[in-house]
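Read top to bottom, the protein sequences are chains X, G, D, F and Z.
Residue numbers 0 to 178, in numbering that gives the first Met the number 0, belong to the letters of the first sequence in order.
Residue numbers 0 to 206, in numbering that gives the first Met the number 0, belong to the letters of the second sequence in order.
Residue numbers 0 to 479, in numbering that gives the first Met the number 0, belong to the letters of the third sequence in order.
Residue numbers 0 to 300, in numbering that gives the first Met the number 0, belong to the letters of the fourth sequence in order.
Residue numbers 0 to 607, in numbering that gives the first Met the number 0, belong to the letters of the fifth sequence in order.
A virtual CB, placed ideally from N, CA and C, is assigned to each residue, including glycine.
Since this is a predicted model, take the numbers as computed values, not measurements.
Below: one structure, written as structure tokens.
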Amino acid sequence: MTNSMNSVKARWAAQMRGMFPDARLKKDRGTEMTYEILPRDLHQILAYLKNSGWRQLSMITGVDWIEEGQFELVYNLFDWEQGLRVLLSIRIGRDKPQVLTITNIYAGAQYYEREIHEFFGIEFIGNEDALKSLFLERWDALPPLRKDFDSRAYSDKKYVKRFYDPVYGPQGGAPFERS
Amino acid sequence: MPKKQLPSRFYPVKHEMQTVEAPAEKISPQQRAETWEKIAQYFRANSLWMLNYCTGCCAIELPLVMTSRFDMERLGMMPMATPRQADILLVTGYASLKTLRRLIYTYEQMGTPKYVVAFGPCAVNGGIYHDAYAVLNRLDLYLPVDLYIAGCMPKPEAVMSGFMKLIELIESGKATGWKDYEQRYEWYKKNQLEAVGEVFIHDEFHE
Amino acid sequence: MMNLNPVLTIALPLILAFTKIMYRRIANLFLIVGSLINIFVVMFLKEGQYLMGGYRPPFGIILQVDTYALYSLLVLNVLFAALMLLVTKKAENLTSSSLIALAALNGLILTGDLFNLFVFLEIATIAALILVSSIKKYHQAFNYMVAGAIGSTFYLLGLGLLYKQYGTLNMARMHELMAASPSGSAVAVILIFIGLAVEIKLMPFSSWAAGVLKNADEWIGPMIGAIYGGVMMIVVGRLFTDIFVMDAKVRLMLSLLTLITLVGGEAAAFQSRKVREVLLYSGVAQAGLEALLILNGYPAIGFILVLSNMTAKYVMFLLAGYMAEEAGGDDFDRLTGVFRSNPVHGFAFTVAGLSLAGLPLFFGFIVKLNLLYNLMLSHSYWLPALILSASLVEGIYMLRMILGLWRLPEGHRGGLQVRILGSSHRRKYAVYTISMVLSLALILFGLAPDNALSIARRARGADTDGKPLVLITMKGGIGQ
Amino acid sequence: MIAYQSIGTALGMALFAWLMQTGLSGVDRKITARIQKRRGPVWYQNFRDVFKLLNKRSVTHGWIFDLGLLIALAGAIGTAMFMPMAGIIPLQGYDNFFMITYLAALGVFGRALSAGASGNPLAAIGVMRGLTQNIGYKLPYMVLVIVLINYYKTSSISGIAALQQVQGWSVLKMPLGVLVAFISLHGMLGKKPFDTYLAPSEVASGPMVEFGGKYLGLLNIAHEIAVFVEISLFVNLFLGGGATLAEFLLKYMAVYLLSSCLGAVMGRLRVEQVVRFYYKVPIGLTILQVLLFTLLYGGVS
Amino acid sequence: MNWLSLIVSLFLTGIAGYFIARIKPSLGAWIAMAASCAALLLVLLGGDALPGGPAWGLIRFEVTPLGWFFSLLIILVFSTNGIGSLAAKGRQHREPVYTMLYLFALAASLGVFAAENWLALFIFWEIAVWSSTFAIGLGNGRKGSVSYFGMSLLGSLMMLFAILAMGSAYQTFQIREALTTALQNPGPALMVFILMLGSSMVKLGIMPFHIWMPPAYTEAPDEFAPALAGGLSKLGAFTAFLVSAYLPISGFMGGSWRVKGLPALSYGLVLLASASIVFGTLMAIRQEDAKKLLAYSSAANGGYIIIGILMGTSMSVSGALVHLLAHALATTTAFSVLAVIVRQTGTSRMDALGGLAHRMPLTFLAFLTAILSLVGLPPMLGFVSKWLILQSLASQGLFLPAAAVVFGSIGSMLYAFRILSTVFLGQLKPRHRALQESSPGVLLSLAILSGATMGLGVYPSGLIQYTAKIEASLGMSETVQTAGLSIRGINGNLNALLIMGAFLIGMVIAGAIFFKAPRSRKVDLMDTYTAGEFIYSPELYHYGTQFAAPFERIYEKLPSISRVYAALASLTDDLGNLVKYLFFSPMPSRTALWISVVTILLIWGEVL
């Protein structure tokens with residue numbers, strides 16, 4: 000971290016605090032800063048960040064805090080000129096998770112939102128393309144990455160397992176012998 | 000805890016194979032067909048062309064087998080580009096849901112006699128992914144597997160010995176997975192549909 | 000049987016022109032009767048010198064009738080009578096002026112006296128002026144009058160100089176004197192040539208022709224474009240072969256002028272996109288070619304070329320004018336497919352066009368064949384090459400036009416009925432008959448051109464500077 | 000008429016062509032393996048491959064797919080029947096160079112036809128690449144041979160071979176020409192730098208995408224015979240054709256193994272590079288060679 | 000039965016056909032077919048000893064072996080085309096005038112081939128030109144017929160100039176007499192030779208004059224395109240044969256230095272023809288429309304014929320004659336097949352078609368024989384002619400034309416495979432599933448044409464003997480020899496039957512292996528290797544446009560000749576504009592100005 004970066008970052012962080020007082024800086028790892036923000040001013044911050052250099056939305060990740068009954072969405076932005084990365088994380092309720100789409104700010108978000116909808120079931124209002132399935136073909140159960148989805152049970156139900164007689168040690172034939 | 004008796008379809012059925020059944024196309028007296036089959040099996044065993052289809056992580060072992068230290072070409076094996084030309088379908092590693100559809104489609108494009116060689120435990124019982132929602136736990140329900148090669152990423156020596164085992168199987172006429180697929184076609188198809196839902200996918204990306 | 004005096008052809012129309020004023024109602028009857036009688040008279044003319052008014056040759060009016068004049072008169076009167084069949088309401092008030100025009104044109108061909116020629120020239124231009132004014136384009140008529148006036152003044156100036164030098168006005172006499180001492184007469188000859196050049200529409204002088212012919216209807220087009228142009232060219236033919244003697248330098252300069260006309264006319268025709276415009280400029284180019292031949296000692300071929308071009312242009316102007324008037328304009332895309340619904344028009348127009356371009360089986364081809372052959376005989380290779388390239392350009396734009404008119408426009412599969420037969424049926428059938436008769440004549444002469452060629456030989460057989468006239472005839476192949 | 004005996008020798012020539020060439024290509028696979036520091040298969044591995052293929056049950060895409068393949072093999076066999084080899088001239092007096100090249104071209108066209116009929120666009124792209132390269136290496140090769148024919152005043156291959164015995168090999172007369180001919184031969188054999196039309200990764204082995212089982216077997220036989228024809232043409236026309244059989248076979252193996260060793264060490268070029276290479280180097284050399292030749296021998300009368 | 004009555008009867012049936020067709024349009028095609036077939040029978044039975052018939056003024060006929068060969072060729076093309084166009088399904092009725100023009104074109108070309116003097120030849124040539132122009136005009140589009148007429152007019156005016164130059168120099172228009180006198184005193188013989196060859200090159204479509212072929216062939220009506228491409232473009236070759244049989248040997252051309260035994264001028268024209276081969280092949284590879292591709296390929300094949308004629312050796316002239324026949328048969332078959340396709344699918348653009356072989360197998364086989372003959376592969380006639388031409392090129396030592404011929408034949412494999420794989424092979428589009436096989440009549444005509452191509456290709460010695468007879472009649476010293484089944488070349492001989500025999504033996508062996516091996520499973524067209532991906536729409540899976548992209552990228556900047564002609568046309572337009580502006584302005588003052596200026600100039604010139 001060159002000192003010129005420090006001064007730029009410091010100046011920027013001060014501006015950020017000034018404009019969005021309730022954006023709490025949760026973690027600062029030098030070139031990467033994580034902010035926790037409220038869902039309602041997500042769009043303002045994103046627009047502000049885009050103008051001040053964060054052109055790339057690297058990804059949107061979802062986290063399922065089942066104990067607190069909340070979903071966390073982390074927007075990962077990267078600024079090529081200064082080499083700074085900003086992560087904005089918002090928390091939304093788990094029962095009817097709805098977020099406004101950000102495709103009007105970052106067009107690339109369309110497929111991220113679609114994936115998150117497929118794996119978490121979070122609905123993105125305004126991006127009807129997100130309702131379609133993306134990777135999983137013919138998926139017929141709960142969105143798989145939610146904590147309340149039991150992957151092992153699904154696997155046992157759907158894909159037949161191989162059962163062995165619980166006899167250990169070298170036996171006559173190999174567990175599988177065709178004829 | 001008493002072993003729960005599962006429905007019969009979970010146990011590997013020992014299907015009774017007639018000893019040597021003359022191939023349908025050449026109806027001729029028994030010995031001539033038998034000797035011809037013997038010769039044909041010799042050629043099939045010693046010139047095995049494998050399809051370059053790397054499904055899982057065990058595929059990284061194949062370059063070692065092909066290159067100078069282990070050199071599978073000594074056994075007459077060559078990598079081929081398309082299923083039409085290949086004899087062996089290598090299922091290297093886990094077979095996920097979507098990969099299985101492509102595997103089935105490719106397997107059906109291969110010319111008979113064809114063999115399936117499965118690498119690592121993932122094809123046997125799902126391996127480390129046994130509880131994953133997208134990985135299959137028993138490959139031989141969907142495709143007739145002729146040879147399993149143990150080892151979570153089997154070493155090249157294991158792969159070479161596996162191939163030599165396959166050559167023995169073919170020469171002795173025991174590698175008849177493809178005949179089994181043809182005979183119990185409906186059974187395989189039922190299993191496939193049960194696991195995968197629809198082999199030939201029609202969706203936004205495959206119009 | 001009875002030897003009629005050629006003066007009848009001039010006098011009769013004049014008399015009828017003036018008596019017509021009294022009988023207004025049956026005016027077009029006069030017109031038809033006049034022209035038919037003229038044809039009748041010409042049929043029974045005999046060659047020879049006809050002295051008028053008892054005075055000795057240099058003073059009295061001489062009418063000379065040789066085969067050259069005889070056949071030109073025949074063609075003139077036949078075409079003129081055919082035009083009269085088209086007597087429309089509009090023609091009623093033009094009867095007198097057209098009869099005068101007929102008389103003047105006959106006089107131009109027959110007269111043996113240069114000053115008499117000037118008089119007839121004046122009468123013809125005035126009559127033409129009245130006819131042109133009938134198409135309501137007064138600006139063009141005014142141009143025509145200005146050009147005509149300048150032309151005739153130059154002719155008079157030249158004539159005056161000649162008269163001062165040789166003292167006579169009689170053509171035959173003038174020829175002998177000029178042959179004796181040709182020096183000094185060059186300026187007069189040039190002036191006369193320019194005077195007539197305005198009439199035969201050579202390049203720099205023929206801007207009036209563009210205006211008049213661009214919007215000529217089926218009455219004025221053939222009259223000015225074909226008949227007047229043809230007669231004037233015949234007069235030039237007579238003057239510059241039988242009478243005037245020019246030295247090589249003058250001949251070169253004048254033929255240079257005609258060459259420019261030929262090339263310029265073809266280029267202009269290639270560029271234009273309207274039917275009458277194409278015909279007009281191709282007429283100018285053909286006039287250049289005819290003048291070139293007359294000046295360079297090929298009068299016989301020049302003569303048949305004039306006749307064949309006259310008939311071909313007559314038919315095309317007739318049809319073009321008729322179509323333009325009915326369809327209200329004559330640019331290609333408006334008229335596409337018009338022949339598809341009027342095949343007779345199409346056939347006649349195509350035959351005339353192909354004969355003008357010189358394609359085989361038509362009279363134009365035979366003429367072009369003989370023309371080039373005679374040029375080649377005198378070992379000049381550049382002139383035929385130029386003429387051929389000119390006819391290449393002409394072939395292309397002529398066919399482009401004809402094909403454009405035959406083809407159905409893109410979107411149409413049949414069904415476009417540009418019905419030209421709007422107004423009076425009688426007029427339609429008149430146009431039909433005239434164009435069909437003349438195009439069949441073109442084909443007939445194309446198939447059996449021998450008698451036409453023999454006329455040319457008799458009319459202009461004796462060449463002035465000794466080049467033998469060799470004609471390729473259907474019968475004997477190459478005959479002297 | 001042609002005696003049955005010469006038809007018998009012709010068929011024998013074709014059979015010998017296949018046997019010898021398949022064995023030799025087995026040896027070639029062993030040598031390429033050795034170059035890559037591995038053991039490589041037994042020398043008769045290609046025989047085992049062909050017979051395995053002939054016993055496999057494959058798939059057909061219609062009668063044109065089969066007909067094209069039969070034309071390919073028939074063309075190859077027909078060409079091999081005419082090929083003279085060191086004294087053994089199967090069809091005396093009819094082994095004309097143009098006839099052999101065009102009969103071989105019929106074989107190539109048959110293969111293209113069946114590849115096209117397979118309905119797979121990769122096959123069509125592969126064939127297009129093959130034909131583009133075909134223009135690249137066939138043009139200088141044929142021009143050089145025409146120069147030879149004009150010099151030796153005969154276009155029968157056995158005739159040229161015999162003349163070379165007397166007047167010395169044409170290598171000495173046109174060294175540049177032989178170099179270009181070797182490059183073209185390398186291209187015709189489809190060896191490494193010039194086998195973009197067979198690229199397994201790029202176009203999934205080009206025209207052979209849909210060939211399996213007996214189709215691939217027949218194609219393999221046709222390819223082997225075509226290789227024999229091309230190399231023996233090269234040997235007959237440029238290296239004097241060999242007085243005895245042993246001499247001919249020695250030259251044959253030398254040329255083939257040299258070409259395969261070159262192939263083993265070179266990487267595959269992209270299509271544009273191949274096409275551009277053929278239109279710069281070989282054609283340039285050919286023009287130079289033709290000019291040299293006309294000055295030295297022909298002379299503009 | 001003499002030649003004059005044959006031609007006059009054809010003309011009359013033409014006119015009669017017009018009137019009958021006006022009453023009942025479908026009868027028109029009947030008359031065209033009947034007349035041309037009757038002509039075929041008459042000429043075939045009459046042989047080349049057919050009397051010329053009485054002279055009708057300038058028009059006199061004399062049947063020479065060369066003339067008979069050409070007339071047989073063109074009547075065969077016209078009659079098979081007649082049968083094909085009559086029996087075609089979904090044939091929309093042509094205008095009644097089409098039958099008349101069709102028979103006029105046939106009669107005129109017969110007149111050209113048997114004309115006894117140059118003028119008769121020229122007259123019939125012109126009639127053939129303007130009747131085919133109007134026939135093309137009946138198709139869709141005007142640009143084709145105008146450019147066709149423009150170029151043909153250029154050619155025929157060149158010929159007229161040459162004829163008249165000969166006539167005036169040698170006082171005779173008889174063909175044989177004029178050419179023989181040209182040998183003694185070669186006055187304008189050089190110019191005549193160039194102009195005559197120029198006019199035949201225009202008709203054959205050699206490189207600088209080929210611009211009329213693509214538009215004319217695409218816009219001509221489907222029934223007329225085969226006759227135009229196969230038959231009418233061969234008129235040019237006839238005069239080329241006549242002229243080049245006599246003039247090159249005459250003294251005037253020999254004087255200048257000779258390249259490899261060929262007069263310098265002939266060598267120059269041979270180079271032009273080779274340039275046409277290379278240019279035609281390159282352009283053919285690049286085309287997206289099947290008819291344009293065949294048009295440029297016939298420009299290339301025209302180059303072979305001119306090379307064959309100009310080399311003058313016995314083998315090359317016989318090669319040119321055989322190539323003429325091969326090209327005529329192949330192009331007629333190809334265009335009739337395209338006519339069938341256009342009638343059923345409505346387009347001849349290659350990327351819109353595909354997989355038609357599965358719907359019309361017999362038509363595909365006929366097209367395959369035509370393409371093999373165009374490329375010049377063994378069992379077909381095209382191979383025999385290419386062999387003859389290459390043999391004579393090699394023995395003469397002309398390496399540059401030889402390179403062009405070789406490039407032409409290999410390059411033709413590329414565009415031949417392009418048209419085959421994009422139109423007939425590859426994926427069949429769903430909308431083309433309803434196509435049916437062409438009707439029996441069309442199949443009969445295709446069978447005749449491809450049968451002739453293949454039959455003569457396998458057994459050419461009869462044809463070669465006749466070309467020897469033609470060479471003798473043209474007065475060439477030594478003619479091509481055939482011994483039994485094989486053609487005796489200077490440096491090698493060809494036994495087409497032996498080649499076919501070897502090929503068949505190979506086929507038997509391959510068949511034996513093929514049927515001994517296990518039977519293979521028939522699979523649907525879409526079931527091909529797609530690297531595991533599921534693709535269901537054939538349109539996506541057909542390789543049609545930009546076919547030889549890597550090869551085409553090399554010569555992207557190839558200049559197209561038609562731009563030169565467009566510049567020429569606009570130049571004349573500008574000149575016309577200038578003239579109109581200067582000399583035809585409506586203001587009278589300008590005319591007055593011009594009159595005075597010119598008078599002053601003239602007089603001033605005179606006074607000096």
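When the Cα atoms are used, Gln30 (chain G) and Ala103 (chain F) turn out to be separated by approximately 42 angstroms. Taking a C-beta distance under 7 angstroms as the contact criterion, Leu442 (chain Z) and Leu367 (chain Z) do not qualify as a contact pair. Between the region 282-294 of chain D and the region 322-330 of chain D, the count of Cβ pairs shorter than 8 angstroms is below three; the stretches do not touch. In this structure, the CA atom of Trp386 (chain Z) is about 54 angstroms from the CA atom of Ile259 (chain D).
Taking 3 residues as the minimum length, the beta strand (DSSP E) runs contained wholly in the region 453-509 of chain Z are 480-482, 485-488 and 491-493, in order along the chain. Within the DSSP secondary-structure output, Phe70 (chain X) pairs in a beta bridge with X:Asp63 and X:Ile91. Distance from the CA atom of Leu23 (chain F) to the CA atom of Trp42 (chain F), rounded to whole angstroms, is 8 angstroms. Taking the Cα positions, Gly236 (chain D) is about 49 angstroms away from Ala272 (chain Z).
Taking C-beta atoms as the reference points, Pro96 (chain X) and Phe70 (chain X) count as a pair closer than 7 angstroms. For Pro112 (chain G), none of the residues of chain Z pass the 7 angstroms Cβ criterion, the least Cβ distance being about 10 angstroms. In chain order, Leu163, Ala164 and Ser167 make up the part of chain Z whose C-beta sits under 7 angstroms from the C-beta of Met375 (chain D). Taking all protein chains in view, the Cβ of Trp55 (chain Z) is surrounded by fewer than 16 other Cβ atoms within 10 Å, so the residue is classified as exposed. At a cut-off of 7 angstroms between C-beta atoms, Gly205 (chain F) does not count as an interface residue with respect to chain G. Judged by DSSP secondary structure, Leu248 (chain F) falls outside any beta strand (DSSP E) and instead within the alpha helix (DSSP H) spanning Leu244 to Val264.
Against chain Z, the CB of Pro203 (chain D) has a partner CB under 7 angstroms away; the residue lies at that interface. Using a CB distance cut-off of 7 angstroms, Phe77 (chain Z) does not count as an interface residue toward chain G. When beta bridges are read from the DSSP output, Arg28 (chain X) appears opposite X:Glu31. The DSSP-derived three-state label of Ser167 (chain Z) is helix. Judged by DSSP secondary structure, Ala117 (chain G) falls within the beta strand (DSSP E) whose first and last residues are Tyr114 to Phe118.
Contact annotation, Ser183 (chain F) with Ala80 (chain G): C-beta distance approximately 26 angstroms; criterion of less than 8 angstroms not satisfied. In this structure the region 200-211 of chain D does not lie against the region 306-316 of chain D, because fewer than three pairs of beta carbons, one per stretch, are closer than 8 angstroms.
Assignment of alpha helix (DSSP H) within the region 282-368 of chain D, counting only whole runs of 4 or more residues, yields 298-326, 331-334, 337-340 and 342-356 in chain order. Straight-line measurement puts the Cα of Leu402 (chain D) at about 18 angstroms from the Cα of Thr98 (chain Z).
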